[in-house]
Amino acid sequence: MPTTEPARPAHHFVAGIGAGPANLSLAALGEDLLPGGLPLFERQPGPAWHPGLLGAHSRLQTSWVKDLVTLVDPRNRLSFLNYLVQTGRIYAFLNAQFDAIPRVEYARYLGWAASELGTVRYGTAIHEIRFADRFELVGADGPVATAEHLVLGLGTHPEVPPCLPPGGLPGVVLAERLDATLAGDSGATGGQVIVVGGGQTGAEAVLSLVRRGVRDIRWLGRRHWFAPLDDSPPANDFYRPAYQRFFHNLPDDVRHAYVGAQVLTSDGVSLETLQEIYRANYEGYLRDGRAPVMILPGRDVVRAGARDGVVTLWCRRASGGSERHTAHLVVLATGRRPAPLPLSAGLAELVELDGAGDPIVDHDYSIRWKHAPRHRIFVQNRGRLSHGLADPNLSLLPVRSAIILNTLLDRPAFTIRDEQVYTMWA
Ligand SMILES: Cc1cc2nc3c(=O)[nH]c(=O)nc-3n(C[C@H](O)[C@H](O)[C@H](O)COP(=O)(O)OP(=O)(O)OC[C@H]3O[C@@H](n4cnc5c(N)ncnc54)[C@H](O)[C@@H]3O)c2cc1C
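Sequential numbering from 1 applies to the sequence shown in the UniProt record's numbering.
So, in structure tokens, the structure goes:
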């Protein structure tokens with residue numbers, strides 16, 4: 001009886017892992033340029049952008065002009081403007097007069113772009129990348145594809161304070177699980193709730209609790225004050241291709257210092273969100289004689305425990321000393337870190353690392369490794385220290401994609417123009 005050989009996985013010129021905005025931007029700009037387009041392997045079962053963090057009132061912190069393509073190719077069919085026209089919403093959208101668009105609208109736009117592209121393979125988590133003359137992408141049931149080049153757009157995952165046990169604690173939830181937790185437990189809105197994290201996600205969790213009628217919220221975080229996002233013109237100078245070029249050529253220690261100094265241009269809280277919290281406190285005081293949100297900056301959670309349905313957090317105070325807080329529900333919004341690269345041990349050994357043990361990201365977002373000249377590995381959203389704070393954000397997605405495509409195609413398929421820079425950084 002003839003034996004049938006298992007089908008060999010399809011071979012691609014370049015394959016992407018992850019179908020978040022970073023790789024969707026690359027796929028959109030490369031649609032007609034890359035042989036076979038850009039297949040993307042995505043572990044989620046369908047389109048989803050930060051599910052659980054798309055609350056009704058949450059807004060994008062970036063202009064919608066900074067979509068997947070427009071900054072380098074405004075005529076591309078996958079622009080946000082074309083999405084509005086194709087879905088018939090352009091007039092309603094204009095009439096709604098948004099200063100900042102709802103996050104849920106951006107998620108819909110990404111889903112639309114992915115479906116137009118038709119190259120996303122959902123429900124395909126890549127567990128390991130191997131290399132033997134070509135890259136092999138291995139999923140749960142074995143190899144799913146091979147490729148000459150790779151682009152890793154794996155995004156980030158939530159960071160948890162090191163004092164929490166790896167399996168978590170009862171009564172402690174990540175911010176993205178807050179809505180689901182409250183939906184499944186009507187008693188969760190009674191009593192005291194603690195939100196840990198002084199960034200945008202923490203602030204939104206606070207507001208979400210306020211809107212659900214929670215009257216005793218403690219909002220604590222490490223920052224000395226829960227500062228607003230700096231969206232001023234000089235701050236936005238850091239989000240220009242000209243600045244990225246300048247930044248990438250600085251010495252390591254200077255880049256580290258600059259990222260620290262500029263952090264509020266990226267990780268601050270939207271002014272409107274802060275205003276809403278302060279107004280909720282003011283109105284709560286008028287109505288009940290009591291403000292619902294106690295604001296506790298300069299607190300570092302150093303120990304946590306749970307007993308009899310009560311979570312206790314021990315905090316070190318920046319002003320000196322320590323204190324203890326208890327609640328029946330604790331919400332963690334304590335930052336995000338890049339997802340680990342799923343490289344096989346053999347491949348990881350061939351990658352050049354910096355002093356902190358991270359791959360070295362070159363100017364074109366490729367990482368240095370033994371066979372790099374013939375088989376590139378590009379990384380998206382891992383260049384905070386090499387390219388500056390625009391890298392983990394949506395601001396310059398198409399610019400980064402264009403730079404990657406120019407290298408992949410070995411020709412200047414895109415020209416990145418950034419004229420009239422009035423600031424002399426050096
Ligand atoms: C709630 C929230 C709001 C934000 N809002 C803004 C904003 O307004 N403006 C701004 O500039 N920035 C914003 N950011 C920051 C940043 O722009 C976004 O996180 C953005 O989604 C990053 O895009 P990405 O494609 O790099 O990663 P992600 O969007 O995280 O996408 C990565 C994808 O890779 C998939 N994946 C990961 N590992 C694997 C694997 N092994 N196999 C298969 N698939 C895998 C994931 O499922 C995910 O879909 C926000 C971040 C958060 C958390």
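Beta carbons are placed, not taken as given, at the ideal position from N, Cα and C, and that holds for glycine.
**Study point:** Nonlocal neighbours in the same chain, by C-beta distance under 8 angstroms from leucine 33, ignoring five residues either side
**Key:** Within the same chain, leucine 33 has close Cβ partners Leu405, Leu409 and Ala413.
**Study point:** Local conformation of serine 115 per DSSP, three classes
**Key:** Helix at serine 115.
Practice item. For threonine 423, count neighbouring C-beta atoms within 10 Å of its own C-beta (all shown protein chains included) and say buried if the count is 16 or more, exposed if not. Key: exposed
Check your understanding: Which one or two residues does DSSP pair with histidine 325 in a beta bridge?
Key -> Leu313
Review point. For valine 351 versus histidine 149, is the C-beta distance shorter than 9 angstroms?
Key: no
Review point. By a C-beta neighbour count over all protein chains shown, 10 Å radius and 16 as the cutoff for buried, is serine 208 buried or exposed?
Key: buried
Check your understanding: What is the DSSP secondary structure of valine 138, counted as helix, strand or coil?
Key -> strand
Exercise for review: Compare the beta carbon distance of glycine 268 and glycine 199 with 9 angstroms and say whether it is the shorter of the two.
Suggested key: yes
Practice item. Return the residue from the list Ala327, Asp288, Leu264 and Ala242 that minimises the CA-CA distance to histidine 387. Key: Ala242
Point to revise | Cut-off 7 angstroms between Cβ atoms - residues of its own chain near serine 363, not counting five sequence neighbours on either side | key: A quick correction: the sequence has histidine, not serine, at residue 363. Closer than 7 angstroms at the Cβ level, and outside the excluded window around histidine 363, lie His248.
Review point. So is the beta-carbon of asparagine 23 under 8 angstroms away from any non-hydrogen atom of ligand 1?
Key: yes
Review point. Bridge partners of arginine 299, per DSSP?
Key: Arg317
Exercise for review: Report all residues from its chain with a CB closer than 6 angstroms to the CB of serine 79; omit the five preceding and five following residues, and keep chain order.
Suggested key: Asp67, Val69 and Thr70
Point to revise | Backbone CA spacing between aspartate 288 and tryptophan 219 [nearest angstrom] | key: 19 angstroms
**Study point:** 8 angstroms CB neighbourhood of histidine 50 in its chain, flanking five on each side removed
**Key:** Once the five neighbours on either side are set aside, the close Cβ partners of histidine 50 are Arg103, Ala107 and Glu176.
Check your understanding: Does the beta-carbon distance from valine 120 to alanine 28 come in below 9 angstroms?
Key -> no
**Study point:** Sequence-distant residues of the same chain with beta carbon closer than 7 angstroms to alanine 372, five excluded per side
**Key:** If you ignore the 5 residues before and after alanine 372, its C-beta comes within less than 7 angstroms of the C-beta of Ser366, all in its own chain and listed in chain order.
Review point. Can you list, in chain order, the residues of its chain whose CB lies under 8 angstroms from that of glycine 184, leaving out five sequence neighbours each side?
Key: none
**Study point:** Endpoints, the alpha helix (DSSP H) within which threonine 87 is located
**Key:** Where threonine 87 is concerned, there is no enclosing alpha helix (DSSP H), given that its DSSP letter is neither H nor E.
Practice item. Please specify which runs of the alpha helix (DSSP H), each continuous and at least 4 residues long, are wholly inside the region 252-295, giving them in chain order. Key: Within the region 252-295, the complete alpha helix (DSSP H) segments at least 4 residues long are 252-261 and 271-288, listed from N- to C-terminus.
Check your understanding: Got a sec: does ligand 1 put a non-hydrogen atom nearer than 8 angstroms to the Cβ of phenylalanine 98?
Key -> no
**Study point:** Span of the beta strand (DSSP E), counted from its first residue to its last, around isoleucine 17
**Key:** 10-17
Review point. Between the beta-carbon of arginine 43 and the beta-carbon of leucine 347, is there less than 9 angstroms?
Key: no
Check your understanding: Name the DSSP beta bridge partners of tryptophan 369, please?
Key -> Val351
Check your understanding: Cβ of glutamine 420 within 8 angstroms of any heavy atom in ligand 1?
Key -> Residue side-chain check: glutamine 420 keeps its Cβ at 8 angstroms or more from all non-hydrogen atoms of ligand 1.
Point to revise | DSSP three-state assignment for glycine 305, whether helix, strand or coil | key: strand
Exercise for review: Quick one: give me the first and last residue of the alpha helix (DSSP H) that glutamate 159 is part of.
Suggested key: Taken as a continuous stretch (DSSP letters only), glutamate 159 belongs to no alpha helix (DSSP H), as it is neither H nor E.
Check your understanding: With C-beta atoms as the reference, is phenylalanine 135 less than 9 angstroms away from threonine 124?
Key -> no
Review point. Can you tell me the Cα-Cα spacing of glycine 190 and serine 270, whole angstroms?
Key: 27 angstroms
Exercise for review: Assign aspartate 308 to buried or exposed, taking buried as 16 or more other Cβ atoms, counted over all protein chains shown, within 10 Å of its Cβ.
Suggested key: exposed
Exercise for review: Measure the beta-carbon distance from glycine 111 to alanine 333 and round it to whole angstroms, keeping in mind my assumption that it falls under 8 angstroms.
Suggested key: With a Cβ gap of about 25 angstroms, glycine 111 and alanine 333 do not count as contacting.
**Study point:** Sub-9 angstroms separation of arginine 400 and alanine 22 beta-carbons
**Key:** Yes, the Cβ-Cβ distance between arginine 400 and alanine 22 is below 9 angstroms.
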